[in-house]
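Everything below concerns the one structure shown next.
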Amino acid sequence: MVRIKQRYILFDILSPPSSEHWEAYSESRDSALLHLHQVSSSEISAKYLLQVIRQVLQDHYGDFGAGSAGISLVVKYFSPKTSTGIIRCGRQHLDMIVAVLALINRLGDKEVIMRCIHVSGTIKKCENVSIKRDKEDIIRMQRKRK
15 MVRIKQRYIL
25 FDILSPPSSE
35 HWEAYSESRD
45 SALLHLHQVS
55 SSEISAKYLL
65 QVIRQVLQDH
75 YGDFGAGSAG
85 ISLVVKYFSP
95 KTSTGIIRCG
105 RQHLDMIVAV
115 LALINRLGDK
125 EVIMRCIHVS
135 GTIKKCENVS
145 IKRDKEDIIR
155 MQRKRK
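Quick look at the structure:
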């Protein structure tokens, strides 16, 4: 018997600036990072994200895409504080799920950009990449303050 191979997708949710906040966004790269990476609203949870992903999967790939890719789809982790999460999907449906993440442009009443950061065969590697990215961002912000 062959085991089903899974892939883990590390993603984050970016909040693009509204028209009145473009000046603060364009000051520097660090201020742009601060404005893009915002705390997610309380209505966004792992369960809500899974519903949105499955709905977009249904809309763009139809019944076959939703049925084949949606079965193994699980949001393993989501942090509203960092707007970062990890999705598990089947290896054969990886490209479809990454495309669906790119197609999502609204969560609730807020416009968002969902970005795939890293793909791995183990959840541990995704966690390590997430921790490394967060440390680099913290160090960059601390240097800016000095």
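Under the working numbering, the sequence shown has 42 at position 28, and the numbering climbs by one with no breaks.
Ideal placement from N, C-alpha and C gives every residue a C-beta, glycine not left out.
Keep in mind the model is a prediction, meaning the values are calculated, not measured.
Own chain partners of residue i with C-beta closer than 8 Å, once the 5 adjacent residues on each side are dropped
{"i": "residue 118", "result": "66, 67, 70, 126 and 128"}
Contact check, residue i vs residue j, beta carbons under 8 Å
{"i": "residue 100", "j": "residue 130", "result": "no"}
{"i": "residue 94", "j": "residue 54", "result": "yes"}
{"i": "residue 20", "j": "residue 102", "result": "yes"}
{"i": "residue 74", "j": "residue 16", "result": "no"}
Residue closest to residue i, alpha-carbon to alpha-carbon, out of the options
{"i": "residue 89", "options": "73, 82, 105 and 62", "result": "62"}
{"i": "residue 111", "options": "16, 145, 64 and 59", "result": "64"}
{"i": "residue 86", "options": "153, 74, 56 and 22", "result": "22"}
Cα-Cα separation, residue i to residue j
{"i": "residue 50", "j": "residue 27", "result": "8 Å"}
{"i": "residue 83", "j": "residue 116", "result": "16 Å"}
Rounded Cβ spacing between residue i and residue j (contact assumed at less than 8 Å)
{"i": "residue 24", "j": "residue 107", "result": "With a Cβ gap of about 17 Å, residue 24 and residue 107 do not count as contacting."}
{"i": "residue 18", "j": "residue 104", "result": "6 Å"}
6 Å Cβ shell around residue i - same chain, five flanking residues per side excluded
{"i": "residue 121", "result": "58"}
{"i": "residue 97", "result": "26, 27 and 54"}
C-beta neighbour in chain D for residue i, strict 8 Å
{"i": "residue 80", "result": "The question asks about chain D, but that chain is absent: this structure has only one protein chain."}
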